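To keep things clear, I will list the structure first and then write my remarks on it.
There are 2 protein chains.
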Amino acid sequence: MTATAPTSTRPGRERTTRTLVDADIHPHALARDVAARLAPAHRRRWEMFGSRVPGPPEIYPRVRNAGFRVDAWPDGGFPGSDLGMVRDQLLDEFDVDHGILIPLQGHSWGVEAPEYAAALCGALNTWIREEWLDREPRLRSSIAVPHEAPDLAAAEIRRRAGDPGFVQVLLSTGTELSVGRRNYWPIFAAAAEAGLPIAAHTGGLAQHRSAGWPSFYLEEHVWNGNTMAALLMSFLLEGVFEEFPTLQLVLVEGGIAWAGPLLWALDQAWATLREDVPHLRRPPSEIVRERVWFTTQPIEEPDDPRHLELALRHLDMDDRILFASDYPHWDFDSPRHAPRAFPAAIRETVMGANACRLYGLPARDAG
Amino acid sequence: MTATAPTSTRPGRERTTRTLVDADIHPHALARDVAARLAPAHRRRWEMFGSRVPGPPEIYPRVRNAGFRVDAWPDGGFPGSDLGMVRDQLLDEFDVDHGILIPLQGHSWGVEAPEYAAALCGALNTWIREEWLDREPRLRSSIAVPHEAPDLAAAEIRRRAGDPGFVQVLLSTGTELSVGRRNYWPIFAAAAEAGLPIAAHTGGLAQHRSAGWPSFYLEEHVWNGNTMAALLMSFLLEGVFEEFPTLQLVLVEGGIAWAGPLLWALDQAWATLREDVPHLRRPPSEIVRERVWFTTQPIEEPDDPRHLELALRHLDMDDRILFASDYPHWDFDSPRHAPRAFPAAIRETVMGANACRLYGLPARDAG
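Chains as they are written, first to last, in the numbering used here: chain A, 1140 to 1506; chain B, 1140 to 1506.
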C-alpha cells in the first residue's frame, strides 16, 4: 500500500462486524531457536556452517531496512522472532481473528544438502508448533519443506499432517526446475493426501533465473508477479491439477491484476495448440477458477482505482482472494486501510470470509 | 588424435594378438526409425512437434561437418544411421571384437516432457535392439533414459535389464541439477540392481550452464573435461558411491589427464573439511580407484608424450582406462594409430582387456 494517514485512533473499531484473517505473516527463527531443535550431527553442522543459501535480508541488508518495518525489531531479536511484538503490532492492534504464518526461511534452507535441508525445515516447524501455535490460538501455520528433495518434503508433510495447527504446505517460486514437473509431485501427493492446500510464496534463491539474476531490488520486487505467473502456468501445463484432483493452490505475494489477461492468453493458446498438452482437457481458466486462490499484498495500485476494479472483474474470482498484510515487511498492508483499495462489494469476503472457507476457520459472529 | 600418417596398409594386422574393444560408438536413429516405434499419441506428437531440444548437429550445423567425419554420411541417412557403413568403416576395417553403442540422441530427448521423453528413449532402445544388436553380435549398447524424470528412467532400465545386449545405463553430463543429487538416485538404484554401470557421456542441453553457455565450439569442445570433473565431484560428494556400494561409473569423452590433480585436491580438502561431508568416510581417491573408469577419446595430447605418461602415472588407474574411437565423429581416433599415444606398458589392457573385464565380454585368444 502507499502511505495513507490513519482516520481513526481507536484500533479495531472499523471492523468489529466482520471476520479478519491475515493470510501472510512471517515468523523468523533465531539461530538458537533452530539449534535447540536439531539432532547432534545437524546441530554441529549448523554451528560450523550455518546455511550457505542467503535470504533477502542477507542479499539486500541495506534496502528498506533489510526489507522490514523499522518499528518491528525486538531487542536482541529480528522482525518476526518475538510473538509478543506480533501480538502488539498486528493481532491485538487490529483485532485479527486468525493469522496464517508463512516461515520464509524454509525457502533458503530447503535447497541445502537434502538431509540437512529436511532437518532445518523440521526444526523450523517444531519451533513454530512450540513457540507460536501452542501459545497463540489465533495463529495457524504453513509447513516449511525441503522442496528440492521431494521425498523428504513429503515425509515432513506427513509428519505434520495430523496437526490442525498446520493448514497448508509452503512452496517457493524459486525452485530449481519448473515447479509443476513430476519431479515435485511427491510434495503435491502428500499435500493432497493430507487435504492441505499448497501455498506458493514469492522468493527463494533461484527465483529470478528465468531471465537472469536481477540487478536491482526494484526489479526483483515488481518481478514477483512474473515468477508467480510462471509458477501458475507450470502447474497448469504439467497437468498437476489433473493428477491431483482435490489439490488447491494459494498464490501469496505475487499480485493479482496480471491473472485475468494471462487466462485469456492461456485459453486462446489451448484452443489452438492443445495437441501439445493432451492431458489438459479443459480451458485453463476453468481449472484456475476451481483450484487457485490469490492474496492481496502487494496488490497492484493504479492511479485510478476503477482500473483495479476492472482488472478484478476480468479475473472474476472475488470469492478466492484473501487479505494479507505481509507483516513485518516494510511494505506491510494495514488491515485498517487496505480494504479501501478494494472494490466495496468484495471487502467483506476478502478480509475474512474467503480465508475461513479455504482453511476451515470459524467466522466471527456479526456484531 | 592429431593426424598421423598410417604406417601399414593392411587393416587389422597390427592387433591380431590382442582383443580390441571400442567403448564409444554413436548410432543415430532417423526420424522414421523413431516414429515406427512410438505409440499413436506420442507418434502424432513426434510428427507435429519433433523434439524441441536440439543436439550438437543442430546447434553447430557448419562446424566440422556438423561434428562428423566427412566420409561417414550414408546416402539418404545420417552418420551412424546405417549398420553396413559402421561395419565397413569400423568393425571390419579394424577387426573390432566388441563395440559399445552410445545413443546420444537420448541426451536431448531425455529432457522433453516426461512421458514423451520416456517414449522417445524407449523407441531409441527398441530400434537399437532390433536394427543393431539383433543383426550384429559384435555390438552391445547403453540404455538411453529420460534422465530428468528419474522414476521413468528407472522403469526403462528395468525394462532392458534382462537383455544381455544392454551393458550400461547412459547418463548426460548436462543434467538440470547437480547429477549426484538424491533426485537422480532412482536411476542409480535401478542400474545397481541390474548390475549395470552408469556411463556418463559428455553432452546434453544444459551441459555448460555452470559457467554460462559457451560462445565458441572450441570452448565447448575443450570444456568437456570440466563438466566431467564436475560430474565426478558431484557423484563423490553427494555420497552416491556410499549409497550404491556396487555401482561403477564410466566417464566417456571427458579426457583423463585432469583427474590426477583433481584427486590430490579432493583428498586434501577432504582431510581438512570432512565435517562438511560426514557421509564421505574415505579419501575420495580411494573411492575413485575402485569405482570409476575412463575412456581415451579425446585424450589430451601434449607436445612431449612423456608428459601424458606422467599424468597417467599421477592417476594410477591404468587398469580402468578403456579405448574409445568416438565413431563417426570428426575427431574419431583410429584403433590403428591411437595406441601410439599411450605408454607402451598400458596399450594391451587399454585396447581391450579392461573393457572385457568391465562389461563381462570374452577376450580374443592370443594369436
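The C-beta atom is built at its ideal place from N, Cα and C for all residues, glycine as well. It should be emphasised that the depicted structure is a prediction, and the values quoted were computed from it without experimental measurement.
On the DSSP bridge assignment, give the partners of residue i in chain order.
i	result
residue 1466/A	1164/A
residue 1192/A	Note: residue 1192/A sits in no beta bridge, so no partner.
residue 1282/A	1308/A
residue 1238/B	1161/B, 1278/B
residue 1207/A	1468/A
How should residue i be labelled, buried or exposed, when 16 other C-beta atoms within 10 angstroms of its C-beta is the threshold for buried?
i	result
residue 1407/B	exposed
residue 1242/B	buried
residue 1355/B	exposed
residue 1456/A	buried
residue 1358/A	exposed
residue 1158/B	buried
residue 1425/A	exposed
residue 1273/A	exposed
residue 1301/B	exposed
residue 1306/B	buried
residue 1499/A	exposed
residue 1392/A	buried
residue 1467/A	buried
residue 1285/B	buried
residue 1462/B	buried
residue 1446/A	exposed
residue 1403/A	exposed
residue 1187/B	exposed
residue 1412/A	exposed
residue 1221/B	buried
residue 1434/A	buried
residue 1497/A	buried
residue 1450/A	buried
residue 1352/A	exposed
residue 1200/B	exposed
residue 1366/B	buried
residue 1197/B	exposed
residue 1236/A	buried
residue 1209/B	exposed
residue 1252/B	buried
Taking the beta strand (DSSP E) that residue i belongs to, which residues open and close that run?
i	result
residue 1267/A	Segment 1253 to 1267 is the alpha helix (DSSP H) holding residue 1267/A; no beta strand (DSSP E) there.
residue 1339/B	1337 to 1340
residue 1391/B	1388 to 1391
Which residue marks the beginning of the alpha helix (DSSP H) containing residue i, and which one marks its end?
i	result
residue 1399/A	1398 to 1412
residue 1248/B	1244 to 1248
residue 1324/B	1324 to 1333
residue 1357/A	1356 to 1376
residue 1289/A	1289 to 1299
residue 1202/B	Looking at the DSSP string, residue 1202/B is not in any alpha helix (DSSP H), and its letter there is neither H nor E.
residue 1428/B	1423 to 1430
residue 1223/A	1222 to 1225
residue 1172/B	1170 to 1174
residue 1380/B	1379 to 1382
Report whether the distance from the Cβ of residue i to the nearest heavy atom of the ligand ATP is below 7 angstroms.
i	result
residue 1341/B	For the ligand ATP, the structure offers nothing, since it holds no ligand at all.
Between residue i and chain C, is the shortest Cβ-Cβ distance under 8 angstroms, so that the two count as touching?
i	result
residue 1186/A	No chain C is present in this structure, whose protein chains are A and B.
Worksheet item: the segment 1400 to 1430 of chain A: which residues have C-beta closer than 7 angstroms to a C-beta of chain B, in chain order?
Response: 1414, 1415, 1417
Worksheet item: Any residues in the segment 1180 to 1198 of chain B with a beta carbon nearer than 9 angstroms to a beta carbon of chain A? Which ones, in chain order?
Response: 1180, 1183, 1184, 1187, 1188
Item to complete: Return the residues of the segment 1301 to 1333 of chain A that lie within a Cβ-Cβ distance of less than 8 angstroms from chain B, sorted by chain order.
Response: 1315, 1316, 1320, 1321, 1322
Discussion item. So within the segment 1432 to 1498 of chain A, which uninterrupted alpha helix (DSSP H) runs reach at least 4 residues, ignoring any that extend past its ends?
Written reply: 1444 to 1454, 1493 to 1498
Discussion item. Give me the subset of the segment 1241 to 1262 of chain B whose CB atoms are less than 9 angstroms from a CB atom of chain A, sorted by chain position.
Written reply: 1252, 1253, 1254
Fill in: Residues in the segment 1271 to 1289 of chain B having any Cβ partner in chain A nearer than 7 angstroms
1288
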